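Here UniProt numbering is used: the first residue of the sequence shown is 1, the next is one more, and so on.
Take a look at the structure set out below.
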Amino acid sequence: MLCSASDPAALNEAARLLRQGGLIAFPTETSYGLGVDPFNVEALERLFAVKQRQPDKPVLVLVAEQAQVTE
1 MLCSASDPAA LNEAARLLRQ GGLIAFPTET SYGLGVDPFN VEALERLFAV KQRQPDKPVL
61 VLVAEQAQVT E
């Protein structure tokens with residue numbers, strides 16, 4: 001499914017997918033990023049499998065504000 005970030009319904013759908021352990025793709029300045037709920041172990045395992053990444057190699061965690069780092 002391709003969605004526009006300016007479409008509230010699309011953002012709600014992306015949030016729903018994340019809450020259910022899904023994986024989303026989103027554009028960055030240079031390529032596409034993949035996103036999952038970082039607190040969902042199964043979603044993280046799926047991300048590592050899709051990226052064919054070894055478990056000992058970290059992935060980025062993006063936050064909207066510094067206060068989220070302590071959550």
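Built from N, CA and C at the ideal position, the CB exists for glycine as well.
Predicted, not measured: the structure shown is a model, and the values here were computed from it.
- Task: Buried or exposed for Val63, please, with buried defined as at least 16 other CB atoms from any protein chain shown within 10 angstroms of its CB.
- Result: Counting from 1 along the sequence shown, the entry for residue 63 is found at position 63. Result: exposed.
- Task: Put Phe48 into one of helix, strand or coil per three-state DSSP.
- Result: Here residue 48 refers to the residue found at position 48 of the sequence shown. Under the three-state reduction of DSSP output, Phe48 falls in the helix class.
- Given a cut-off of 8 Å, decide if Arg46 and Leu60 are closer than it, judged by their beta-carbon atoms. Taking the first residue of the sequence shown as 1, we reach residue 60 at position 60. Taking the first residue of the sequence shown as 1, we reach residue 46 at position 46. Not a contact, by the Cβ cut-off of 8 Å.
- Query: Closest to Pro55 by CA distance: which of Val41, Ala67 and Gln66 is it?
  - Reply: Counted from its first residue, the sequence shown places residue 55 at position 55. With distances taken between Cα atoms, Pro55 lies closest to Val41.
- Who does Pro27 pair with in a DSSP beta bridge? Your numbering for residue 27 matches position 27 in the sequence shown. DSSP links Pro27 through a beta bridge to Tyr32.
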